[in-house]
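Visitor:
In the working numbering, the protein residues as written are 2 to 110.
1. If you draw a straight line from the alpha carbon of residue 24 to that of residue 75, how long is it in whole angstroms?
2. Give me the residue from 46, 51 and 45 with the minimum Cα distance to residue 38.
3. Relative to the C-alpha of residue 26, which candidate in 70, 46, 55 and 42 has its C-alpha closest?
4. Under the three-state reduction of DSSP, which class applies to residue 23: helix, strand or coil?
5. Taking residue 64 as part of the alpha helix (DSSP H), name the residues at either end of that continuous run.
6. What are the residues that DSSP puts in a beta bridge with residue 98?
7. On a CA-only basis, which of 101, 13, 17 and 6 is nearest residue 57? Give me that one, please.
8. Who does residue 38 pair with in a DSSP beta bridge?
9. Please confirm whether residue 53 and residue 36 have their CB atoms less than 9 angstroms apart.
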C-alpha cells in the first residue's frame, strides 16, 4: 500500500555565479556551473576554514586562464627541463576528462 501526503522539500532552483552574479541556468532549464572548493586543515594559515565558490562557464574559464598565466610566471626561469615540458601543456591544467557527456569515462587515462 502506498501512503502519500504532501511534504515541503527544499530544492536548489538556481545557482548564481559568485563573480559576475549572473544565473547559471541555461536554455533547457539546467544549471551549468563549476564549483571551486577548499577545506584548509590543521597547521595551515587558514586552519578550519572551508570555501565554496560557484562560477558560471565564462568566469570559470577566465579563472582557469589566470591559473595558466600564474603557472607560466611562477616557472618562467625554471631550470628543470622535464618540469618545463610538463607545464607547457597549459591547455590541460585541471582537465580530467574530455567528451565525457555522461560521466562514465575512466578519468585515470
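Beta carbons: idealized from backbone N, C-alpha and C, even for Gly.
Guide: If we stick to the structure as given:
1. When rounded, the distance between both Cα atoms is 34 angstroms.
2. 51
3. Here the closest residue by C-alpha is 55.
4. Residue 23 falls in the coil class under three-state DSSP.
5. 58 to 75
6. The partner list for residue 98 (beta bridge, DSSP) is empty, contrary to what the question assumes.
7. 17
8. 53
9. Taking 9 angstroms as the cut-off, the Cβ atoms of residue 53 and residue 36 count as close.
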